[in-house]
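A.B. asks: Residue numbers (the numbering used here), protein chains in the order written: chain U, 419 to 650; chain Y, 419 to 650; chain H, 1380 to 1596; chain V, 1380 to 1596. Quick one: the structure is below, and I'll ask about it shortly.
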Amino acid sequence: MNKIVADAHEALQGLQDNMTLMLGGFGLCGIPENSISALVEMGVNGLTCISNNAGVDDFGLGLLLQKKQIKKMISSYVGENDEFERQMLSGELEVDLIPQGSLAERCRAGGAGIPAFFTPAGYGTEVAEGKEVRIFGGKPHILEAALTADFAIIKAWKGDRYGNLIYKGTARNFNPVMAMAGKITVVEVEELVEPGELDPNFIHTPGVFVQRIFQGKNYEKRIEQRTTRPKA
Amino acid sequence: MNKIVADAHEALQGLQDNMTLMLGGFGLCGIPENSISALVEMGVNGLTCISNNAGVDDFGLGLLLQKKQIKKMISSYVGENDEFERQMLSGELEVDLIPQGSLAERCRAGGAGIPAFFTPAGYGTEVAEGKEVRIFGGKPHILEAALTADFAIIKAWKGDRYGNLIYKGTARNFNPVMAMAGKITVVEVEELVEPGELDPNFIHTPGVFVQRIFQGKNYEKRIEQRTTRPKA
Amino acid sequence: MLDREGIAKRIAQELQDGWYVNLGIGIPTLVANYIPEGINVEFQSENGLLGMGPFPVEGAEDADLINAGKQTVTMLPGGSIFDSATSFAMIRGQHVQLTVLGAMEVAENGDIANWKIPGRMVKGMGGAMDLVASAENIIVAMKHTNRKGASKLLKACTLPLTGVGCVKKVVTNMAVLEVKEDGFHLIERAPGVSVEDIKNATEGRLVVPDVVPEMTI
Amino acid sequence: MLDREGIAKRIAQELQDGWYVNLGIGIPTLVANYIPEGINVEFQSENGLLGMGPFPVEGAEDADLINAGKQTVTMLPGGSIFDSATSFAMIRGQHVQLTVLGAMEVAENGDIANWKIPGRMVKGMGGAMDLVASAENIIVAMKHTNRKGASKLLKACTLPLTGVGCVKKVVTNMAVLEVKEDGFHLIERAPGVSVEDIKNATEGRLVVPDVVPEMTI
């Protein structure tokens, strides 16, 4: 088993216009920086992007929005991006807003072969429009469908050539659930290690979910809200 | 936060006749040995036990079966236990056999607030009787309901007083999903450690799912099928 | 009249020992600064963090350790990290005892709106819809009135809903109110605020007992 | 006629480089001993293990490291451990390319029965129902006939089903057969077994091409 490829461009081979992508990350934390840059360079268009957020104006998915490569966003929160808001309110960009927990669970379900599940989130709101409602334990729930993607684009901390991954801190977020749900799952890691270096008991994403892996470079890891307290 | 109790008896306080229990483990691997002994000593009866297997005649849940403390078993495979088979075929014991993946997912769903989900497993079989069938992607699926328990009884390798847990090897199995699904989740560990000793990045079960934890003793860890190869 | 810190202080009095608590963005975040003596709680951040500590000291910020507001944070001993699906398993599965969040509007039947102003502002619901649909115990932290002076405690929400009939308690700069079947029950007044002031600032049905004590914060 | 090892050897020829494979209890387990040169596969054990290695040497058995057959095993570098829900997420989500399992009966439409004999034997389905309902590629490994000499390749299963229309290929001690719309297609004969022998031992509809090569194992 050797899933290592040279770089983001090789990892994204076969990715075409109008495909559906999942992109890991929460805000700018744990986003696949190298792959996003490659998507800009490739110039693919008409993308449907499933990602919790849409980056900021000049970083993360904001870079793809600037170039109008995205046709539709499926997200839970997009409040940090003015260009996004402009494109959405003007109707240039289709947007499907989903409760964050439903988004995470729908990705996991897509990866786990669960085509649909009931959740209470969103009952009685716009989110429930057109969806089946059923009462369980006296409480109304709505039926949510699984999400999958042509490519799931993931950022991990360390990985090996089998595709085994570990994440660091809250850069984990959506990455493990999206890794499960890609027809092709592409991973960029800060550090490629030899098989056996990752303790099998503490692997976050088993390699079975991963098709291609490469060592990323020049990570900026921009901080969105730098908050500190004074030194004591 | 201090969830530490002295022993299995204190951990199981409030556990009464006719309650529903989940018990972690796969075969005899990762079973809560101390708690099972305590259940025998407590003499509680009429239990509904959700557990992948039913132990062997003289170990694991077999000990409760011998004393006829179990009214109903919810399991996926019970092939290693003659007394079990005798009680089931004679009608003394109610048995609900569930596909192993559905059992695991139903426990996780119970813990995750997902009241029901669709799965292809069991379609067209006895397991599907009385269950809703729906086609997704051209393939029939059945609707399965979440499982929860009055007590989830879990075995972990190490844990701290917050209830954070790690498991060792394949002793993990059903323990993490059942830990999520107990109204009261009780954990026995081989080693209690101080908070902070477990790397927060590699905790298998976050303490939020755990109510009581204690250090077990005298683990037998019996091997069901001792298979080896000759030394080279 | 309370300021933002005052609202947070008052909400902190609601904390009970051993609770897991999710704090939303804004005023709710401040609650963490006022945990009462002798009370141990753990803070859950829905991006995948339990046991969240204070902001890091300058220079110790870690881009890989943020809260749901995208702020750099620290972790306390006994904390843990997990993925987004597990995080919302905690929330949806009711393992988190208290949710505190902000709102644009709350209705007398417990409905809440806080994620969208049609045609003008659509940031998204983030985790709020999951939180309000699942939490047993939801406290809304907000100003009693909006910038134009109009009440945010309404007969019915006018904005798209985040959740229905879910809010149990509201703590504003003017009052503490419980949401019950017959409307907003006035529990406490903020220092220097009269019952009359609160009546004037509340559009939804307000139930006022004979005695309305002033908060002690 | 093949013995158990022979059936396993023949199935091993079906393995493709890079596949993840789940092997059931019994004959399927033996397949791991005959992986062709140059082929890398990883074995998944549904109790929560990927990258399963051979049995441990004597004295190195670890009670905390078993396979789905409850046998002590080892792990290879690059392996991983996970919980039961994640394990079946792999299976149900079709991340495992091949499932090999035993059967009591297989029908000409691909139905399989292997978990229950009413009134006599009820061991349970274990993971088999999830595996057969989800796997794209299922090979059944079994004897062609039962202890009484009756065919196990039937027009219709008589025992409670494990899955419907799911079996793609059957490898028995007598033959390799593909299950297609019009029944069992005879692909290969075991050494020393005639087409006539196979016809006599097969109750279900058998489609026989002009030439049926003998297996090479």
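The beta-carbon is built from N, C-alpha and C at its ideal position, and this holds for glycine as well.
Counting only beta-carbon atoms, is V:Leu1594 nearer than 8 Å to chain Y?
C.D. replies: Here residue 1594 of chain V corresponds to residue number 215 of the fourth sequence, with the count starting at 1. Per the sequence shown, residue 1594 of chain V should be read as Met rather than Leu. Not one chain Y Cβ lies under 8 Å of V:Met1594.
A.B. asks: Say yes only if the C-beta of V:Glu1593 is nearer than 7 Å to one or more non-hydrogen atoms of the ligand GTP, and no if none qualify.
C.D. replies: Ligands in the displayed structure: none, and consequently the ligand GTP is not present.
A.B. asks: Do U:Leu507 and U:Leu482 have their C-beta atoms closer together than 8 Å?
C.D. replies: Here residue 507 of chain U is taken as the residue at index 89 of the first sequence, counted from 1. Here residue 482 of chain U is taken as the residue at index 64 of the first sequence, counted from 1. Against a cut-off of 8 Å, the Cβ pair of U:Leu482 and U:Leu507 comes out as no contact.
A.B. asks: With a threshold of 6 Å on Cβ separation, who are the neighbours of Y:Thr623 within its own chain once the five nearest residues in sequence on each side are excluded?
C.D. replies: For the purposes of this step, residue 623 of chain Y is taken as residue 205 along the second sequence, with counting starting at 1. Closer than 6 Å at Cβ, skipping near neighbours: Leu583, Pro594 and Ala597.
A.B. asks: Under 8 Å, do U:Glu510 and U:Gly480 count as touching if we go by C-beta distance?
C.D. replies: Residue 510 of chain U sits at position 92 when you count from the first residue of the first sequence. Residue 480 of chain U sits at position 62 when you count from the first residue of the first sequence. The answer is no: Cβ separation not under 8 Å.
A.B. asks: Using DSSP's beta-bridge definition, name the partner residues of V:Gly1542.
C.D. replies: Here residue 1542 of chain V corresponds to residue number 163 of the fourth sequence, with the count starting at 1. Paired residue(s): V:Ile1491.
A.B. asks: Considering only DSSP beta bridges, list what V:Asn1401 is partnered with.
C.D. replies: Start at 1 with the first residue of the fourth sequence, and residue 1401 of chain V comes out as number 22. The partner list for V:Asn1401 (beta bridge, DSSP) reads V:Gln1423 and V:Thr1478.
A.B. asks: Counting only runs of 3+ residues fully inside the region 1427-1470 of chain H, write out the beta strand (DSSP E) ranges in chain order.
C.D. replies: Whole beta strand (DSSP E) segments, 3+ residues: 1428-1431 and 1454-1460.
A.B. asks: Buried or exposed for U:Ala424, going by 16 or more other Cβ atoms inside 10 Å?
C.D. replies: Your numbering for residue 424 of chain U matches position 6 in the first sequence. Per the 10 Å Cβ criterion, exposed.
A.B. asks: Using a Cβ-Cβ cut-off of 8 Å, state whether H:Gly1458 counts as contacting chain Y.
C.D. replies: Start at 1 with the first residue of the third sequence, and residue 1458 of chain H comes out as number 79. Cβ-Cβ to chain Y under 8 Å: yes for H:Gly1458.
A.B. asks: Is H:Ala1535 close to chain U? Criterion is C-beta to C-beta, closer than 8 Å.
C.D. replies: If you number the third sequence from 1, residue 1535 of chain H lands on position 156. Chain U, which has no Cβ nearer than 8 Å to the Cβ of H:Ala1535, makes this no.
A.B. asks: Considering Cα atoms alone, identify which of H:Leu1533, H:Asn1552 and H:Val1410 is closest to H:Val1374.
C.D. replies: No information on residue 1374 of chain H is available, as it lies outside the stretch 1380 to 1596 that chain H covers here.
A.B. asks: Less than 8 Å separating the beta-carbons of Y:Ala599 and Y:Met440?
C.D. replies: For this step, residue 599 of chain Y is matched to residue 181 along the second sequence. For this step, residue 440 of chain Y is matched to residue 22 along the second sequence. Yes, the pair counts as a contact, with Cβ atoms nearer than the cut-off.
A.B. asks: Please confirm if U:Tyr580 has its CB atom under 8 Å from at least one CB of chain A.
C.D. replies: The displayed structure is made up of protein chains U, Y, H and V, and chain A is not among them.
A.B. asks: Exposed or buried, U:Tyr580, counting other C-beta atoms within 10 Å across all chains shown (16 or more means buried)?
C.D. replies: Stepping through the first sequence from its first residue, residue 580 of chain U is reached at position 162. Buried, by the Cβ-count rule.
A.B. asks: For H:His1564, collect the residues of the same chain with a Cβ closer than 7 Å to its Cβ; drop the 5 residues on either side in sequence, then sort them by chain order.
C.D. replies: By 1-based counting over the third sequence, the position of residue 1564 of chain H is 185. Excluding positions up to five away in sequence, the list reads Leu1556, Glu1557 and Val1586.
A.B. asks: Are there 16 or more other CB atoms within 10 angstroms of the CB of H:Asp1490, so buried, or fewer, so exposed?
C.D. replies: Numbered from its first residue, the third sequence carries residue 1490 of chain H at position 111. It is buried - the Cβ of H:Asp1490 has at least 16 other Cβ atoms within 10 Å.
A.B. asks: Thinking U:Leu446 and U:Gly478 are a contact (beta carbons under 8 Å), I'd like their distance in whole angstroms, please.
C.D. replies: Locating residue 446 of chain U in the first sequence gives position 28, counting from the first residue. Locating residue 478 of chain U in the first sequence gives position 60, counting from the first residue. Indeed, because the Cβ distance is near 5 Å, the residues count as touching under 8 Å.
A.B. asks: Below 8 Å, can you find three or more Cβ-Cβ pairs linking the region 602-621 of chain Y to the region 570-577 of chain Y?
C.D. replies: They touch, by the three-pair rule.
A.B. asks: Within a Cβ cutoff of 7 Å, which residues of the same chain sit near V:Leu1409, ignoring the five residues on either side of it in sequence?
C.D. replies: Position 30 of the fourth sequence, counting from 1, holds the residue named residue 1409 of chain V. Only Arg1383, Glu1384 and Ala1387 meet the Cβ criterion.
A.B. asks: Decide if the region 1480-1494 of chain V is in contact with the region 1455-1468 of chain V; the criterion is three or more beta carbon pairs, one per stretch, under 8 Å apart.
C.D. replies: Taking 8 Å as the limit for Cβ pairs, the verdict is that the region 1455-1468 of chain V does not touch the region 1480-1494 of chain V.
A.B. asks: Give me the residue from H:Thr1478, H:Asn1446 and H:Gly1448 with the minimum Cα distance to H:Leu1394.
C.D. replies: Counting from 1 along the third sequence, the entry for residue 1394 of chain H is found at position 15. It is H:Thr1478.
A.B. asks: Beta-carbon of U:Phe592 versus every beta-carbon of chain V: anything under 8 Å?
C.D. replies: Reading the first sequence from its first residue, position 174 is the one you call residue 592 of chain U. No, U:Phe592 lies away from the interface with chain V (no Cβ there is under 8 Å from its Cβ).
A.B. asks: What runs of the beta strand (DSSP E), each 3 residues or longer, lie entirely inside the region 505-555 of chain U?
C.D. replies: Fully enclosed beta strand (DSSP E) runs of 3 or longer: 512-515, 534-537 and 551-554.
A.B. asks: From U:Ser493 to H:Ala1468, what distance separates their C-alpha atoms?
C.D. replies: Residue mapping note: residue 493 of chain U aligns to position 75 of the first sequence, counting from 1. Residue mapping note: residue 1468 of chain H aligns to position 89 of the third sequence, counting from 1. The straight-line gap from Cα to Cα measures roughly 19 Å.
A.B. asks: Write down the C-beta distance between Y:Gly519 and Y:Ala539 rounded to the nearest angstrom, noting that I regard them as a contact closer than 8 Å.
C.D. replies: To locate residue 519 of chain Y, count along the second sequence from 1; it is residue 101. To locate residue 539 of chain Y, count along the second sequence from 1; it is residue 121. Correct: roughly 6 Å between the Cβ atoms.
A.B. asks: Strictly by DSSP, which residues pair up with H:Lys1548?
C.D. replies: The residue given as residue 1548 of chain H occupies position 169 in the third sequence. Looking at the DSSP assignment, H:Lys1548 forms a beta bridge with H:Ile1518 and H:Glu1557.
A.B. asks: In terms of residue numbering, what span does the alpha helix (DSSP H) encompassing Y:Glu459 cover?
C.D. replies: Mapped onto the second sequence, residue 459 of chain Y falls at position 41. Unbroken alpha helix (DSSP H) run through Y:Glu459: Glu451 to Met460.
A.B. asks: Distance, Cα to Cα, H:Arg1499 vs U:Gln505?
C.D. replies: In the third sequence, counting from the first residue as 1, residue 1499 of chain H sits at position 120. In the first sequence, counting from the first residue as 1, residue 505 of chain U sits at position 87. C-alpha separation (whole angstroms): 12 Å.
A.B. asks: What residues from chain Y crowd round U:His559, counting only those whose CB sits closer than 7 Å?
C.D. replies: Position 141 of the first sequence, counted from the start, is the residue given in the question as residue 559 of chain U. Residues of chain Y passing the Cβ test: Pro533.
A.B. asks: Determine the burial state of V:Glu1475: buried for a count of at least 16 other Cβ atoms within 10 Å of its Cβ, exposed for fewer.
C.D. replies: Against the fourth sequence, residue 1475 of chain V aligns to sequence position 96. At residue 1475 of chain V the sequence reads Val, which differs from the Glu that was named. So V:Val1475 counts as buried.
A.B. asks: For the beta strand (DSSP E) containing U:Glu609, list its first residue and its last residue.
C.D. replies: Reading the first sequence from its first residue, position 191 is the one you call residue 609 of chain U. Residues Gly600 to Leu610.
A.B. asks: Check the Cβ of U:Phe627 against every Cβ in chain Y and list those closer than 9 Å, keeping chain order.
C.D. replies: One-based indexing of the first sequence puts residue 627 of chain U at position 209. Result: empty, since nearest Cβ-Cβ is about 16 Å, beyond 9 Å.
A.B. asks: Can you list, in chain order, the residues of its chain with a C-beta nearer than 6 Å to that of U:Val551? Leave out the 5 residues immediately preceding and following it.
C.D. replies: Residue numbering aside, residue 551 of chain U sits at position 133 when the first sequence is read from its first letter. Counting only Cβ-Cβ distances below 6 Å, and skipping sequence neighbours, we find Pro558 and Ile560.
A.B. asks: Just to make sure I have the definition right: I need the residues of chain H whose C-beta is within less than 7 Å of the C-beta of Y:Ala530. Which are they?
C.D. replies: As a position in the second sequence, residue 530 of chain Y is number 112, starting the count at 1. In chain order: Ala1468, Arg1471 and Gly1472.
A.B. asks: In the structure shown, what three-state DSSP assignment does V:Asp1509 receive?
C.D. replies: Counting from one through the fourth sequence, the residue named residue 1509 of chain V turns up at place 130. Correct three-state label for V:Asp1509: helix.
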